[in-house]
Amino acid sequence: MNQIDRSRLKTLMEREQKRFAAERPKSAALFERARKSLLSGVPMNWMAKWAGAFPPFVREARGAEFFDVDGHRYIDLCLGDTGAMTGHSPSATVSAIEQQMRRGITLMLPSEDAIIVGEELQQRFGLPFWQFALTATDANRFAIRLARHITQRPKILVFNWCYHGTVDESFITLKDGVEQARRGNIGPPVDPTVTTRVIEFNDLGALEAALRSEEIGCVLAEPAMTNVGIVLPDPGYHQALREITRNHGTLLIVDETHTICAGPGGYTRAENLEPDFLVFGKPIAGGVPGAAYGFTTEVAQCIADRMNLEDCDTGGIGGTLAGNALSLAAMRATLQKVLTKDAFDRMIPMAERWTEGVAKAISDFSLPWNVTRLGCRAEYLFSPQRPKNGAQAHEAMDFELERFMHLYAMNRGILLTPFHNMALMSPMTAKEDIDQHTKAFREAAKELTTA
Ligand SMILES: Cc1ncc(COP(=O)(O)O)c(C=O)c1O
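91 is the number that numbering that gives the first Met the number 0 gives to position 92 of the sequence shown; each next residue is one higher, with no gaps.
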């Protein structure tokens, strides 16, 4: 297999960096201006992570593409890291937003849309009761609070190298088998080892051992890990996870925020999972902030039994704008008209095509890499074998190489997510877009492997 020559990689990276900057004078000028009012010149800390010396500033996005201020067109395979999996500004969602904007944006009162969305979510995911939040992070936080409240247990359990948003309890990793705060954890309110247990995904022995103490209120899990490359569950893993959690009275929260890529009812419906809670955010309202969490009748009953009407606005589950009329109108249109079964029937074959193109290039250029797909999401990783857990996936990450691949793609009109090597398909992504990525990926592979 071809190992990557680091000095060649460095030379190629310098060439790509020069090209990126030279072709984007307007973005460069805006970045210089932005540095005078925005920390690191970006509105959100992680936007500093884009692979060029500055991010391209966007002029306009529509469907599966966007244009920067210098006039470059990009095929968007990042899609707002799933927030825009619907394609940018899908027309059904935009019409619903336009209408709702003139009829009131936020009221602290329900609209009929809330019921229609609740009914739609019931049908998709099979869980009977629903509540809303503004972000998937909040939906996860609220589900965790409810699980602790119901079980009266202090801790939660997550998987090594998971990501569920900025949920304090989840910033914990395993290093040489020892639980410790995740690298880069900023100002934690408490040491996460106090609130959380962390084990490897696909390790049933570790799960059984951790839950035996009966101090764990809930397991928070993506059904397949998607935030450290893609890590698929072993056959039978979910059945065992459900059985073990039930045996120990631990509730199971399945976070479908990314794994919605598996189909209209996420991985849960595709594989008949039976979670106690389910969380879905990001694309649920076509990019308008919104998220939902659902739960079983038993959970709903426990919540109702413990509800205190006088204090229910200050119990730690809240958000003045949560469940607002605008996001519910956007959710209704997005669920009923955009993220439909027909859309998935178009998106999934595009991801298959992307994966085939990448796999063939990996094989043709004998690269020690692999590629994995889940529904309409796919990702390559810098190791010859597919990882079985977060540690193996994290071990395969290569920041230098990753940045090169991302910059190389950007210079050829393709945007990958800035975190690892994910490509996501929208309902508007076309075969030609995929083939453009395959061509660029093959060129990069060739340049990396031939002197
Ligand atoms: C699986 C998963 N859950 C939750 C979140 C949090 O979403 P948000 O940042 O929109 O709150 C993320 C964000 O990447 C995620 O990947």
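C-beta: ideal position from N, C-alpha, C; glycine also. All values derive from a computational prediction rather than experimental measurement.
Residues bridged to residue i [DSSP beta-bridge criterion]
i: Glu64; result: Arg61 and Ile74
i: Trp129; result: Gly293
i: His436; result: Bridge partners of His436: none, in fact.
i: Ala220; result: Val253
i: Lys445; result: Paired residue(s): none; Lys445 is not in a bridge.
i: Phe276; result: Ile252 and Phe294
i: Thr172; result: Gln179
i: Val230; result: Met224
Simplified DSSP state of residue i, which is helix, strand or coil
i: Arg196; result: strand
i: Asn139; result: helix
i: Asn369; result: strand
i: Glu270; result: coil
i: Tyr379; result: strand
i: Ile149; result: helix
i: Thr354; result: helix
i: Gly285; result: strand
i: Met421; result: strand
i: Leu11; result: helix
i: Thr244; result: helix
i: Gln451; result: No answer is possible for residue 451: the residues shown for the chain start at 0 and end at 450.
i: Ala180; result: strand
i: Thr225; result: coil
i: Ile215; result: strand
i: Ile316; result: coil
i: Val157; result: strand
i: Leu482; result: Any question about residue 482 goes unanswered here, given that the chain covers just 0 to 450.
i: His237; result: helix
Inter-residue spacing [alpha-carbon to alpha-carbon] between residue i and residue j
i: Leu406; j: Ala50; result: 5 Å
i: Thr172; j: Gly103; result: 44 Å
i: Glu22; j: Ile413; result: 15 Å
i: Asp304; j: Glu297; result: 11 Å
i: Phe398; j: Lys48; result: 11 Å
i: Met330; j: Gly79; result: 17 Å
i: Pro54; j: Met84; result: 21 Å
i: Glu118; j: Leu126; result: 10 Å
i: Leu133; j: Lys9; result: 42 Å
i: Ala223; j: Arg411; result: 31 Å
i: Pro234; j: Phe30; result: 48 Å
i: Thr92; j: Glu273; result: 30 Å
i: Asp137; j: Val166; result: 8 Å
i: Pro109; j: Ser39; result: 40 Å
i: Ser452; j: Val357; result: Residue 452 is absent from the structure shown; the chain starts at 0 and stops at 450.
i: Glu13; j: Arg32; result: 24 Å
i: Arg7; j: Leu447; result: 7 Å
i: Pro367; j: Glu111; result: 53 Å
i: Ala261; j: Asn226; result: 15 Å
i: Ala395; j: Arg101; result: 50 Å
i: Asp69; j: Ser26; result: 7 Å
i: Arg5; j: Met404; result: 14 Å
i: His163; j: Asn323; result: 23 Å
i: Glu15; j: Ala52; result: 11 Å
i: Gly280; j: Thr249; result: 23 Å
i: His237; j: Ser36; result: 48 Å
i: Glu401; j: Leu156; result: 30 Å
i: Pro282; j: Thr333; result: 8 Å
heavy atom of ligand 2 below 7 Å from residue i C-beta
i: Asp254; result: No copy of ligand 2 occurs in the structure displayed; its ligands are ligand 1 alone.
Original post:
Taking three-plus beta-carbon pairs below 8 Å as touching, is the region 422–438 in contact with the region 348–357?
Top reply: yes
Original post:
Are the region 225–240 and the region 375–389 touching, with three or more C-beta to C-beta distances below 8 Å?
Top reply: yes
Original post:
Using 8 Å as the Cβ pair cut-off and three pairs as the minimum, do the region 250–266 and the region 200–208 touch?
Top reply: no
Subject >> Three CB pairs or more closer than 8 Å across the region 238–245 and the region 300–317 >> reply: no
**OP:** Evaluate the contact criterion for the region 202–218 versus the region 135–151: three or more CB pairs, one atom per stretch, below 8 Å.
**Re:** yes
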